[in-house]
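Visitor:
There are 2 protein chains.
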Amino acid sequence: MALKTLGPKAAAALDQELMSTCAFSIDQLMELAGLSVSQAVYRVQPLEKGRRILVACGPGNNGGDGLVAARHLFFYGYQPSIFYPKRSKNELYQRLVKQLNDLDVPFVDDFPSALAAADHVVDAIFGFSFSGEVREPFPAVIRALEETKVPVTSVDAPSSWNIEEGPPKSGLGSSFMPATLVSLTAPKPLVNHFTGRHFVGGRFVPPSIARKYDFEVPKYEGIDQIVEISPVDQKL
Amino acid sequence: MALKTLGPKAAAALDQELMSTCAFSIDQLMELAGLSVSQAVYRVQPLEKGRRILVACGPGNNGGDGLVAARHLFFYGYQPSIFYPKRSKNELYQRLVKQLNDLDVPFVDDFPSALAAADHVVDAIFGFSFSGEVREPFPAVIRALEETKVPVTSVDAPSSWNIEEGPPKSGLGSSFMPATLVSLTAPKPLVNHFTGRHFVGGRFVPPSIARKYDFEVPKYEGIDQIVEISPVDQKL
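Going down the list, the protein sequences come from chains A and B. According to UniProt numbering, the first sequence holds residues 1 to 236 in order. According to UniProt numbering, the second sequence holds residues 1 to 236 in order.
1. LYS98 (chain A) touches chain B at which residues, Cβ-Cβ below 8 Å?
2. For LEU47 (chain B), does the count of other Cβ atoms within 10 angstroms reach 16, so buried, or fall short, so exposed?
3. Nearest to TYR78 (chain A) by CA position, among A:GLN94, A:VAL55, A:PRO112, A:VAL134, is which residue?
4. Rounded to whole angstroms, what's the CA-CA distance from LEU236 (chain B) to LEU3 (chain B)? Just pull it up for me.
5. Alpha helix (DSSP H) containing PRO139 (chain B): first to last residue?
6. What first and last residue would you give for the beta strand (DSSP E) that runs through HIS198 (chain B)?
7. Grouping DSSP H, G and I as helix and E and B as strand, with all else coil, what is PRO158 (chain B)?
8. Considering just the uninterrupted stretch of the beta strand (DSSP E) at PHE83 (chain B), what are its terminal residues?
9. Compare the C-beta of GLN16 (chain B) against all C-beta atoms of chain A and say whether one is closer than 7 Å.
10. Do VAL68 (chain A) and THR153 (chain A) count as a contact pair if the criterion is CB distance below 7 Å?
11. Our contact map puts SER75 (chain B) next to ARG95 (chain A) with C-beta atoms below 8 Å; I'd like the distance itself, whole angstroms only.
12. State the Cα-Cα distance for the pair ASP176 (chain B) and PRO167 (chain B), rounded to the nearest angstrom.
13. Does ASP65 (chain B) have its Cβ less than 7 Å from a Cβ in chain A?
14. Which residues bound the alpha helix (DSSP H) around ASP123 (chain B)?
15. Quick one: what does DSSP say PHE111 (chain B) is sitting in, helix, strand or coil?
16. Hey, could you find the ends of the beta strand (DSSP E) ALA56 (chain B) is sitting in?
17. Going by C-alpha to C-alpha distance, which of A:ALA11, A:PRO206, A:VAL200, A:ILE163 sits closest to ASP224 (chain A)?
18. Check whether the segment 177-185 of chain B touches the segment 207-220 of chain A, taking contact to mean three or more Cβ pairs, one atom from each stretch, closer than 8 Å.
19. If contact means a Cβ-Cβ distance below 7 Å, which residues of the segment 83-117 of chain B contact chain A?
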């Protein structure tokens with residue numbers, strides 16, 4: 001069975017439905033999404049492999065998921081640091097930043113230096129609503145992520161990839177292949193171009209909603225908030 | 001070292017501080033508290049011991065934690081049902097109920113029948129702000145919890161117990177001893193009268209806040225949102 005995916009319009013509609021008809025608040029969903037991301041990082045980058053996690057956050061919801069993940073990573077015993085150059089003025093994001101400030105999690109300005117000092121990077125720059133051009137100051141960040149040997153975990157989409165078509169054919173992002181991808185709620189079509197370890201997270205989608213949007217909720221184990229998708233399930 | 005506890009006034013002040021200075025929303029905190037409770041239930045009542053979990057919810061925040069826990073239990077593969085006779089009109093609680101309705105989790109009216117059909121009960125009736133008398137319709141529920149052989153997990157406090165002094169000296173609740181207690185953020189003084197399995201949950205308290213309120217955050221393992229406190233740590 002092919003892995004069913006959700007295109008950007010369907011993913012946006014699903015998000016809207018979760019927050020309207022399904023009565024979830026964005027605080028709740030972002031908390032659970034960020035928790036999923038933190039569990040995937042714990043799986044691929046156990047503490048003994050190095051604790052310094054650089055979390056690169058974009059201006060929107062993907063960045064918010066990164067901020068939440070960073071907080072959970074702190075509590076697991078990691079040393080997160082945050083690159084968050086375009087801060088949202090939205091009150092929720094300001095609160096997520098304050099929660100990190102209270103843990104003395106550093107916010108860094110110089111991405112290349114921070115990357116050089118990191119054991120792992122979380123790419124929470126752009127999510128399923130990304131399209132078009134990578135805007136400043138992110139081109140240099142994408143380039144650094146393309147070139148680095150530090151393993152990268154991308155949240156919902158490798159940033160700069162087209163949600164339907166995957167990596168750009170040429171130029172910025174065309175050779176960006178993160179080690180890990182965490183698809184939130186459902187994989188996006190770009191996963192068909194992804195060759196790393198793939199997790200699905202966001203264990204909160206009602207079965208009725210999965211049926212309506214025609215995707216499969218994978219079989220989570222125990223109390224896990226993520227499930228790894230084997231390449232066989234993904235590609236057949 | 002004796003286990004440090006937080007009395008009802010300090011616990012209320014801590015909650016207020018988390019939601020003001022610390023910038024957490026109640027949605028976030030309740031989500032993480034309920035998640036902790038669900039993980040404790042998973043630990044003491046693994047799926048193979050029986051999946052039918054009756055969650056008894058009171059009118060306040062303790063009941064809200066129960067509603068969140070029930071949702072997570074559903075996703076783990078349990079069959080939760082909810083007894084929630086005094087529903088809050090607060091929008092957050094209405095949303096938590098809707099999230100359960102969308103999963104077809106049943107709300108039940110007849111507590112004794114529901115209890116007879118349950119493998120495990122979550123007591124999310126009263127939390128650390130409880131004092132005084134048990135009001136209708138809860139006296140019969142407490143009595144049933146006192147008498148049942150079905151194991152009970154209490155959230156933050158065995159309902160009807162005095163937060164400082166433990167079980168009532170006589171009458172209703174005086175012989176209520178749940179099998180399991182999940183203390184949220186910090187144990188309350190009543191734990192000194194508790195003889196079952198004791199967990200602490202709520203892995204979100206900044207170390208600076210724990211210092212300010214003078215309690216110890218126990219050592220959580222891995223990505224766990226709960227930690228079991230051994231009787232030795234608890235009683236010495």
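In this text, a Cβ means the ideal position worked out from N, Cα and C, and glycines have one as well.
Guide: Based on what the coordinates show:
1. Translated into the one-based positions of the first sequence, residue 98 (chain A) becomes position 98. In chain order: CYS22, ALA23.
2. Here the question's residue 47 (chain B) lines up with position 47 in the second sequence. Counting every other CB atom within 10 Å of its CB across the protein chains shown gives LEU47 (chain B) a total below 16, marking it as exposed.
3. Working through the first sequence from its first residue, we reach residue 78 (chain A) at position 78. The shortest CA-to-CA distance from TYR78 (chain A) to any of A:GLN94, A:VAL55, A:PRO112, A:VAL134 is the one to A:VAL55.
4. For the purposes of this step, residue 236 (chain B) is identified with residue 236 of the second sequence, where counting begins at 1. For the purposes of this step, residue 3 (chain B) is identified with residue 3 of the second sequence, where counting begins at 1. With a pLDDT of only 46 at LEU236 (chain B), under 50, the local geometry of the prediction cannot be trusted, and no value is derived from it.
5. Working through the second sequence from its first residue, we reach residue 139 (chain B) at position 139. Its alpha helix (DSSP H) spans residues 138-147.
6. Numbered from 1 along the second sequence, position 198 holds the residue referred to as residue 198 (chain B). HIS198 (chain B) -> beta strand (DSSP E) spans 197-201.
7. As a working mapping, residue 158 (chain B) is identified with position 158 in the second sequence. PRO158 (chain B): coil per DSSP, three-state reduction.
8. Translated into the one-based positions of the second sequence, residue 83 (chain B) becomes position 83. Taken as a continuous stretch (DSSP letters only), the beta strand (DSSP E) holding PHE83 (chain B) covers 79-83.
9. For the purposes of this step, residue 16 (chain B) is identified with residue 16 of the second sequence, where counting begins at 1. The Cβ of GLN16 (chain B) sits no closer than 7 Å to any Cβ of chain A.
10. Here residue 153 (chain A) refers to the residue found at position 153 when the first sequence is read from its first residue. Here residue 68 (chain A) refers to the residue found at position 68 when the first sequence is read from its first residue. In this structure, THR153 (chain A) sits away from VAL68 (chain A), with a CB-CB distance that is not shorter than 7 Å.
11. In the second sequence, residue 75 (chain B) corresponds to position 75, counting from 1. In the first sequence, residue 95 (chain A) corresponds to position 95, counting from 1. Residue identity differs from the one stated: residue 75 (chain B) is Phe in this sequence, not Ser. About 26 Å separates the two Cβ atoms, so there is no contact after all.
12. Residue mapping note: residue 176 (chain B) aligns to position 176 of the second sequence, counting from 1. Residue mapping note: residue 167 (chain B) aligns to position 167 of the second sequence, counting from 1. The sequence shown places Phe at residue 176 (chain B), not Asp. Taking the straight line joining both Cα atoms gives about 7 Å.
13. As a working mapping, residue 65 (chain B) is identified with position 65 in the second sequence. Under the 7 Å criterion on CB atoms, ASP65 (chain B) is classed as non-interfacial with respect to chain A.
14. Along the second sequence, one-based indexing puts residue 123 (chain B) at 123. Per DSSP, ASP123 (chain B) lies in no alpha helix (DSSP H); the unbroken beta strand (DSSP E) holding it starts and ends at 120-124.
15. Walking along the second sequence from the start, residue 111 (chain B) turns up at place 111. For PHE111 (chain B), the three-state secondary structure derived from DSSP is helix.
16. On the second sequence, position 56 is the one that residue 56 (chain B) refers to. 52-57 is the span of the beta strand (DSSP E), which, as asked, contains ALA56 (chain B).
17. Position 224 of the first sequence, counted from the start, is the residue given in the question as residue 224 (chain A). Taking each of A:ALA11, A:PRO206, A:VAL200, A:ILE163 in turn and checking the Cα distance to ASP224 (chain A), the smallest one comes out for A:VAL200.
18. Short answer: they don't touch.
19. From the segment 83-117 of chain B, only ARG95, LYS98, GLN99, ASP102, LEU103 have a Cβ closer than 7 Å to chain A.
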